[in-house]
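Novice:
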Amino acid sequence: MSFTEIHDFISQPWPWWMGGIVIGSTLWILFRYGKEFGLSANLRTMCAADGAGTYADFFAFDWGKQGWNLMVALGALFGGYIAANYFGGDGMAHISQATVDTLNAISREDILTYGNVPIVPGTTIVNPEIDPFWGLYTWEGLFTVRGIIIIVGGGFLIGFGARYAGGCTSGHAISGLADLQLPSLVAVIGFFIGGLIMTWVFLPYILRIPF
Amino acid sequence: MKMFKYIVIGFLFGFGMWKLEAISTFRIIEMFHFQSFHMYGIIMTGVGAGLIITQLFKSGKIKTRSGEIKTFEPKAKTWWRYILGGIIFGMGWALTGVCSGMMFLLLGAGYTVFVIFLASAMLGTFAYGLWRKKLPH
Chain F
1 MSFTEIHDFI
11 SQPWPWWMGG
21 IVIGSTLWIL
31 FRYGKEFGLS
41 ANLRTMCAAD
51 GAGTYADFFA
61 FDWGKQGWNL
71 MVALGALFGG
81 YIAANYFGGD
91 GMAHISQATV
101 DTLNAISRED
111 ILTYGNVPIV
121 PGTTIVNPEI
131 DPFWGLYTWE
141 GLFTVRGIII
151 IVGGGFLIGF
161 GARYAGGCTS
171 GHAISGLADL
181 QLPSLVAVIG
191 FFIGGLIMTW
201 VFLPYILRIP
211 F
Chain X
212 MKMFKYIVIG
222 FLFGFGMWKL
232 EAISTFRIIE
242 MFHFQSFHMY
252 GIIMTGVGAG
262 LIITQLFKSG
272 KIKTRSGEIK
282 TFEPKAKTWW
292 RYILGGIIFG
302 MGWALTGVCS
312 GMMFLLLGAG
322 YTVFVIFLAS
332 AMLGTFAYGL
342 WRKKLPH
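Protein sequence lines, in the order shown, are assigned to chains F and X. 1 is the number of the first residue of the first sequence in the working numbering; add one for each residue after it. 212 is the number of the first residue of the second sequence in the working numbering; add one for each residue after it.
This is how it looks when you write it as structure tokens:
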């Protein structure tokens, strides 16, 4: 196999069962080094490193010992960079026709077509152009009411909720469930209740805010 | 260089999650509309692999590199924090279409607006630290 063939092979969209291999190997290596898998813990570490321990004892811990987890996050950042820029394939999210219809119903315009939905709703040099309605992850998009709700509001909810629940998708939905922890199952049920409420009740209206 | 291996682990995870499209807000919307098996497949195979791996480590069949048996701390059996915190996290996850791990991937991929998202997530974590004693756990 030539380099180009390997490159093209990796650049295809991956099937769902690759999730088992990616997540499994991540857990395997972390456990071998005696560590846990949980990315949202880094938010607490970053707060502590910025001196939040002065304000709440929740942040007064030996955050230097969490350096390894910050490195996992840094690695994930590189992973995103390399995957998006060099192995992005067609740069599309291969979502179902039903979801394309749902998205077009939200925008009340046939903006998206099957097979032509960019993986990330924002434009960079590597990804295809997207209609401003879905241009959510851009600086222009941020300085709108709906952009502030989506980026600033969403960030706050994630940071607050992850620590309140004691973990996020990686800590509860993966590690906790794999360890058959009942509290993690409750948290994951919570993720879905919150996600369903947001997706079905609020998100369409937030996205339709015209300014 | 002790830290280098963690960068590699994060890289593999981040690269894989991008290629699995778990990064995409459209995949998250699809998941919450139950319109595809894709995201559920990722989570289910991930948890399935995790179950086997956790059991192997717990039983001591596989030890850590330093030869110890890996310990797993059981989570406190209280409920309010998991259900309420879970709902809040879930709302944020669906609102932006991004969870706490995926924001690092997007930052790396060049979506610089996510520095605001990250700062806001840190603020949320900070707010929890401040109000922790007033919240039901």
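For every residue, glycine included, the Cβ atom is placed at its ideal position computed from N, Cα and C. Treat the numbers as computed from the prediction; the structure is a model and nothing was measured.
Find out if the Cβ-Cβ distance for the pair residue 6(F), residue 257(X) is shorter than 8 angstroms.
Specialist: Residue 6(F) sits at position 6 when you count from the first residue of the first sequence. Residue 257(X) sits at position 46 when you count from the first residue of the second sequence. No, they are not a contact pair.
Novice: Is it a yes or a no for the segment 141-159 of chain F touching the segment 101-120 of chain F, going by three-plus beta-carbon pairs under 8 angstroms?
Specialist: no
Novice: What does residue 219(X) touch in chain F if you count any residue whose Cβ is under 7 angstroms from its own?
Specialist: Residue 219(X) sits at position 8 when you count from the first residue of the second sequence. Result: 75.
Novice: Among the candidates 203(F), 82(F), 74(F) and 151(F), whose CA atom is the shortest distance from the CA of residue 215(X)?
Specialist: What you label residue 215(X) is simply residue 4 of the second sequence in a count that begins at 1. Checked all of 203(F), 82(F), 74(F) and 151(F); the closest Cα to residue 215(X) is 74(F).
Novice: Can you give the Cα-Cα distance for residue 250(X) and residue 333(X), rounded to whole angstroms?
Specialist: On the second sequence, residue 250(X) is found 39 positions in, with the first residue counted as 1. On the second sequence, residue 333(X) is found 122 positions in, with the first residue counted as 1. Distance from the CA atom of residue 250(X) to the CA atom of residue 333(X), rounded to whole angstroms, is 27 angstroms.
Novice: Can residue 106(F) be considered in contact with the ligand FMN, in the sense that its beta carbon sits closer than 7 angstroms to one or more heavy atoms?
Specialist: The model depicted lacks the ligand FMN and carries no ligand whatsoever.
Novice: Quick check: what's the CA-CA separation for residue 295(X) versus residue 208(F)?
Specialist: Along the second sequence, read from residue 1 onward, the residue named residue 295(X) stands at position 84. Along the first sequence, read from residue 1 onward, the residue named residue 208(F) stands at position 208. Cα to Cα, residue 295(X) sits roughly 27 angstroms from residue 208(F).
Novice: Nearest-angstrom Cα distance between residue 51(F) and residue 327(X)?
Specialist: Along the first sequence, read from residue 1 onward, the residue named residue 51(F) stands at position 51. Along the second sequence, read from residue 1 onward, the residue named residue 327(X) stands at position 116. One alpha carbon belongs to residue 51(F), the other to residue 327(X), and they sit about 19 angstroms apart.
Novice: Considering only residues of the same chain and omitting the five flanking positions on each side of residue 211(F), which have a CB-CB separation below 7 angstroms?
Specialist: Against the first sequence, residue 211(F) aligns to sequence position 211. Within the same chain, residue 211(F) has close Cβ partners 144 and 145.
Novice: So, do the segment 27-35 of chain F and the segment 258-276 of chain X have three or more beta carbon pairs nearer to each other than 8 angstroms?
Specialist: yes
Novice: Nearest by alpha-carbon distance to residue 283(X): which of 338(X), 271(X), 277(X) and 311(X) is it?
Specialist: The count along the second sequence starts at 1 and reaches residue 283(X) at position 72. Of the candidates 338(X), 271(X), 277(X) and 311(X), the one whose C-alpha sits nearest the C-alpha of residue 283(X) is 271(X).
Novice: Any chance the segment 54-66 of chain F sits against the segment 336-344 of chain X, with 3 or more Cβ pairs inside 8 angstroms?
Specialist: yes
Novice: DSSP beta-bridge partners for residue 92(F)?
Specialist: Locating residue 92(F) in the first sequence gives position 92, counting from the first residue. Paired residues: 118(F).
Novice: Buried or exposed: where does residue 65(F) fall if 16 or more other Cβ atoms within 10 Å of its Cβ makes it buried?
Specialist: By 1-based counting over the first sequence, the position of residue 65(F) is 65. Classification of residue 65(F): exposed, given that the 10 Å Cβ count is below 16.
Novice: Per DSSP, what kind of secondary structure is residue 71(F) in: helix, strand or coil?
Specialist: Looking up residue 71(F) in the first sequence gives position 71. Helix, per DSSP.
Novice: Output needed for residue 4(F): all residues of its chain with C-beta closer than 6 angstroms, excluding positions within five of it in sequence on either side, in chain order.
Specialist: Position 4 of the first sequence holds residue 4(F). Around residue 4(F): no qualifying Cβ.
Novice: Given a threshold of 16 other Cβ atoms within 10 Å of its Cβ, counted over all protein chains shown, does residue 242(X) qualify as buried or as exposed?
Specialist: Walking along the second sequence from the start, residue 242(X) turns up at place 31. With 16 or more other Cβ atoms within 10 Å, it is buried.
Novice: Just the chain F side, please: which residues come within less than 7 angstroms of residue 259(X) by C-beta, in chain order?
Specialist: Your numbering for residue 259(X) matches position 48 in the second sequence. Result: 20.
Novice: Do the segment 96-115 of chain F and the segment 128-140 of chain F touch if we need at least three Cβ pairs shorter than 8 angstroms?
Specialist: yes
Novice: If the cut is a Cβ gap below 8 angstroms, which residues of chain X does residue 90(F) touch?
Specialist: Against the first sequence, residue 90(F) aligns to sequence position 90. What residue 90(F) touches in chain X, judged by beta-carbon distance under 8 angstroms, is nothing: the nearest beta carbon there is about 11 angstroms away.
Novice: With 8 angstroms as the threshold, decide whether the Cβ of residue 111(F) is near any Cβ in chain X.
Specialist: Position 111 of the first sequence holds residue 111(F). Judged by the 8 angstroms Cβ criterion, residue 111(F) is not in contact with chain X.
Novice: Do residue 224(X) and residue 79(F) come within 8 angstroms of each other at the CB atom, strictly closer than that value?
Specialist: Along the first sequence, one-based indexing puts residue 79(F) at 79. Along the second sequence, one-based indexing puts residue 224(X) at 13. Taking 8 angstroms as the Cβ cut-off, residue 79(F) and residue 224(X) qualify as a contacting pair.
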